[in-house]
Structures are given as structure tokens and as C-alpha cells.
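In what follows, a single structure is set out as C-alpha cells and then discussed.
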């Protein structure tokens, strides 16, 4: 089976699982919590969990609770992130706090956080031994801690006038790549795979995740609004230190630097100033630099995954396809 | 040993445990996260965990990770609650979001949420079997889900013009009492106690927790600002549907009702109008009503706890003392 068909099958099973587990009162809270799940999404992280379980000798079935857990955890981070970034659009729909208010958004995120654990604990009902479940719960916790640290770093980066490429990589490893990596780990742990295999899947996804985020930064500057599902230049308006901004700020003259800084984090910046700043960033060579940096991490991911020995070759092939999908140039 | 001395010993052990587990970068995030832990607190929930473990035949030592977990989970709810309620003071210190901003406050709460699990998973290092740890993690999750539902109900109550006493009891059971009850459950589960005992400890604490919250509502209207650690009348200013407000709104004439509603949720209300509204509420008999309601739940808690058979009588006596402390009239 090809990856796209399989991802769609897993996506549906995971959604069904989530709708069964995440239900209760008050209604408004649950509607707010399930809003992004209902709006769609690529369900990349669930597929990583399931494929990693199969590569490690486990089944698809025992991995579904873990797959649901990482998707729910991911959704929680989106809800809180959108509040923090004051984003109004996500997956083509109004954000949770835009529809239900910041206060309900905070609680909806918290509720999802708890339900991520509720999903994963259900692995016990699928016959996964409790020591594996406990280890998976610990991995989910590590993921949540790491993502929170990454979000804080993302917030603090604009306060560091000399933020370096290393600072950026540290931030995106935690904020974005970690959850891909922990998805692989959780799949492997549920299957009872050996540590060396789990570590390879983890590292492959960490590198692929970094490449993925760098390409997301590039898309945020040159991508199509309809594909993005959110306004173009919103990274600039929000003052995000993307790899493009970090590179450009270090490599343009003082005058151009001032123009970039004048729109960066300025929510009132007009379209013309934003376009001009974007043009300066493009002309600085930032995109070519980011592209080569992304390729560096992409190659590391490929190298690791090429050396993996799998219990299930079909699953490994799909895992490789998934890595290729995450690191592809779609701009 | 008396309860106060024992609570102080447990409090110190739990703090030490938390400081060891909750550490990392970036520094600002961790400072914000540990702010309330450092500001003190009665550590009621940790003591409940430890005593419940002992009553169930377990040790103090195996219960410390659980005790730390519930305190960290409780602290997370305080951080997010203060953002939602726009509170500026807690335990006599400025609130987290007041010092570090709403965005950092959201992330600090999320980080603490994750660390609650990190603390509890460490029970494995203390020799607790993984099936007990997995069950305790599930109980922690149930607690977190219930508290989030309770917070949402608390937020939605002002939108219900005919909110009843039943609605109020449902809300405080979830928002306040549940975490006391689940603290008892987690202690019992870590000790491997039988279900009937765990259920009794859980129900005793659920009832004591409801009585505790009703008395907290009373204190919020007639208490001393210094003891409260926050401004008096803040419940009124925030529009909280306390049991006093719900009773008064149902039992005063239209004119008085209007006066209460004019300050309820009105952050610009002046001290005189607040005092006048408080006076109307007092004269409505709301305090006497709340007091008798609190006593009803207090008696249920005492009745349940009197019938508990404990592996450790000293622990049971302290548990009883703790129930009495929670339900005492301190106004």
C-alpha cells in the first residue's frame, strides 16, 4: 500500500478513537476542544506512531491509542500556540480562542492535554503490558516538556538580538521536531522494540522534523495563502525569528536591517512594508541558505533511516516515504 | 505525631522532590513555573496522598512522587486560573502572568501539567509496580479532565441566569473537590489498597472538598484580606457564582437583585457598591444557608471516614484530623 492511502486509513481510525474517548460535559468545552480535529489535518504524527510500532514488531492495533495520544497532544499545543501568537486562522477555520474566547481556549487546551494521556492509557485495553504503557506515558511526558520549552524559546528568541542559527535549531528541535521524534519512540515502546531501533527512529524523525520546520519557514515567506491556511507574512507580523529572519538580520546592511526590524512583530505593519521586508529577506540569500540547511538535516534523516532493520519491510518503506514527504521541496 | 508537624515534614520532602524533578531551560520558563511553589501553600493535597498510601498499607516513601504530582498539577491549575480570572495576587505574591506575561503564564502552566506526570512516573524508581503506576497515571488524568470541566462550568455559570444549587455543587465537585478526592485515590493506588477502601477515601475527600469550597466562598465575602492573600470582594468583581451569590439572587427582591448584578463581574465597581452588594447578600441569609450546606457535606465526609478500617491507625487519625481541618469554621 502507498503512504497516502495508508495515512488516510490510519487518520480515520485515529479520529474515530479520539471521538470515542474525548467526550463529556460541558458541551461548549468539548466543542472547542475538538474544533481543530474536526477541521482536518495531515495526521502525520499518528502515522509515525503506527509505522514505528510495525517496524518494531508490533501491530497497528496496539499503536492506535498512542497515535491518538500524539495527535491530541499536538492539537493542544496548536490551541495554546494560537492564543500566544494571536492567530485568527488555522486549517482554514477561525482559531479556537477566536470562536470561544481566550479563557475557554486555555481550558480547551488543558483538557486536550489530559485526554492525550487518557488515549495512551487505553493501550492497556489492547493488551499492551503495563510496563510498556508506563514507559510510553513517560515518553509522552518528555515530549510535552520539550515542546513547552521550545514554545518558551520561540517566545524568547526575539529578545535575543544576536540569536544564532544554533539557537534557532535548538528551538525548532524542541518546538517542532521533538513531537515527531517522540511519536516514533512511543510507537516503538508500545511494540516493545529494542532501544537501538527506537533510538534510530527517534533520531531520523528529529532530523526530518528540523528539515520540515525550516521548509515551513520558507513556505511562510513565499508560499500560497490558500495552501498555508493562514495569511502570508504572518510570521513577520508576529515577529517570529524564523531561520530566514535570523540569516537576513546577520547578512544585510544596517539600512535594510532597520526595514526588516520595522515590520517584525509590528501587527500594524501595512502590506507594502511587509512585501518590502520580504523582498529584502529574499535578496539576502536567506532562502538559499535555509534550503541548504534543510537539506543537511534531510540527508541526516535519510542516512539514519537507510540503516534501520525492520520487522516489517512494508512499514519501513512507508516510514521512508514519510521522511521523504516531510523533507520534500514543495515551493 | 500531630497533623501540623507531619504536614510540614511532608511539605518539605515534596518541595525537595519537586525542585529536583522540575528543572531545565530556558531559565525564565522554569522561574515562572516554580513561582507559586516557592511562595508556599498548605500542601494539603500531598498530605492526603501520603496518608492515603499509609492507610492502604503503603509507605510514605512510595507516595512522595504522587504527592509531588498532585501539588504540581494543582499549581498548574492555579497559574491558568489566575490568567482566566485576571487575578493579580496569589499567596501574597504577584501572579505568574502579572510578572512574566500571559503568554509565558500559559506555557508555564502547560509545563507544570507535564511535570505532574513526570513526578508520578518516578514512583517506578521507588519500586512501585508498573501496573500500579499506570493506574495512578490514569487517576491523575481523570483528575485533570475533571478539573478542566469544572473550570469551564465555573466560567459558564454566569451565563446561566437560573443557575441552581445543584449546578453549583456539580461545578465545585469538579473544580475543587475532585483533586482532593483523586489525591486520596492516587495514594491508595500506589499502595495497592483494595478498591472499597480507595472508594471510601475518595468519597470522604469529595465531600470534605465540597464543604471546603463552600467555606472558602464564605471567607471570600467576610474574610480578612491578609489571611486570604488576595483582595476581598474579588469573587464579586470577577462575577463568580459562589453559593452565596446563587442563594442571594434567588431570595432577594428585584431591586436588591439589580444591585448585586450591577457589581457582579463589573471590574470597575467601586468599593462602596461592592460593600453594599456584600451587605445585601449577608442580609439575605446566604451565609447561614451556605454554612448549613457546608455542614451537610462535612457530616457526610466524617461519616464515611469513621467507617474506614486502616492498615495504619496513626495515619487514619491524621486523615480524620485533616478532614476536620478542611471543614472547620474559620470565620
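Chains as they are written, first to last, in the numbering used here: chain U, 1 to 331; chain V, 332 to 662. Glycine included, C-beta positions come from ideal geometry on N, C-alpha and C.
No Cβ-Cβ contact shorter than 8 angstroms links residue 378 of chain V with residue 414 of chain V. Taking residue 536 of chain V as the centre and dropping the five residues before and after it, the same chain places the C-beta of 511, 512, 515 closer than 6 angstroms to its C-beta, in chain order. Annotation: the continuous alpha helix (DSSP H) that includes residue 29 of chain U extends over 27 to 38. Residue 72 of chain U does not reach chain V, its nearest Cβ partner there being about 12 angstroms away, counting only Cβ pairs nearer than 8 angstroms. Within the region 70 to 134 of chain U, the alpha helix (DSSP H) runs of at least 4 residues that lie entirely inside it are, in chain order, 96 to 100, 102 to 121. Secondary structure remark: continuous alpha helix (DSSP H) runs of at least 4 residues inside the region 527 to 565 of chain V, in chain order: 556 to 559. Following the DSSP letters along the chain, one finds residue 387 of chain V in no alpha helix (DSSP H), marked with neither H nor E. Counted as a single uninterrupted DSSP element, the alpha helix (DSSP H) harbouring residue 594 of chain V occupies residues 585 to 594. In terms of CA proximity to residue 359 of chain V, U/154 leads the group U/282, U/154, U/255, U/25. Under the Cβ criterion of 8 angstroms, residue 479 of chain V is counted among the residues facing chain U. DSSP places residue 175 of chain U within a helical segment (H, G or I) once states are collapsed to three. Non-local beta-carbon contacts of residue 62 of chain U in its own chain, meaning distances under 8 angstroms to residues more than five positions away in sequence, involve 53, 123, 126, 127, 128, 190, 191 in chain order. In the pairwise beta carbon analysis, the region 562 to 582 of chain V is classified as touching the region 540 to 551 of chain V: at least three pairs are separated by under 8 angstroms. Flagged as an interface residue toward chain V: residue 115 of chain U, by a C-beta distance shorter than 8 angstroms. Not flagged as an interface residue toward chain U: residue 655 of chain V, since no C-beta distance is shorter than 8 angstroms. Using a CB distance below 8 angstroms, the part of the region 346 to 364 of chain V facing chain U consists of 355, 356, 357, 359, 360, ordered along the chain. Here DSSP, grouped into helix, strand and coil, assigns residue 146 of chain U to helix. Taking 8 angstroms as the CB threshold, residue 487 of chain V lines the interface with chain U.
By the 16-neighbour rule on beta-carbons within 10 angstroms, residue 25 of chain U is exposed. Annotation: residue 2 of chain U to residue 315 of chain U spans about 10 angstroms, alpha carbon to alpha carbon. Considering only beta carbons, the part of the region 131 to 147 of chain U lying closer than 7 angstroms to chain V consists of 131, 133, 134, 137, 138, 141, 144, 145, in chain order.
Going by C-alpha positions, residue 283 of chain U is about 16 angstroms away from residue 236 of chain U.
Residue 448 of chain V places its beta carbon 8 angstroms or farther from that of residue 73 of chain U.
In this structure, the alpha-carbon of residue 424 of chain V lies about 34 angstroms from that of residue 616 of chain V. If you draw a straight line from the Cα of residue 86 of chain U to the Cα of residue 109 of chain U, it is about 15 angstroms long. Across the region 66 to 95 of chain U, CB contacts with chain V closer than 7 angstroms involve 80, 83, 84, in sequence order along the chain. Around the Cβ of residue 527 of chain V, a 10 Å sphere holds fewer than 16 other Cβ atoms; the residue is exposed.
Of the residues assessed, residue 174 of chain U falls on the buried side of the cut-off, its CB having 16 or more other CB atoms within 10 angstroms. Fewer than three pairs of CB atoms, one per stretch, sit closer than 8 angstroms, so the region 136 to 151 of chain U makes no contact with the region 159 to 167 of chain U. Per DSSP, residue 297 of chain U is one residue of the alpha helix (DSSP H) stretching across 286 to 306. In chain order, 546, 550 place their CB closer than 8 angstroms to the CB of residue 661 of chain V, counting only its own chain and leaving out the 5 sequence neighbours on each side. Contact check for residue 658 of chain V against residue 621 of chain V fails: the beta carbons are separated by 8 angstroms or more. Look at residue 164 of chain U here: in three-state DSSP terms it is coil, with no helix or strand label. Sequence-distant partners of residue 274 of chain U (beyond 5 residues in either direction) whose C-beta falls short of 8 angstroms from its own C-beta, in its chain, are 233, 236, 237, 263. Residue 619 of chain V is outside the set of residues whose beta carbon lies under 8 angstroms from a beta carbon in chain U. Taken residue by residue, none of the region 559 to 585 of chain V has a beta-carbon sitting less than 9 angstroms from a beta-carbon on chain U.
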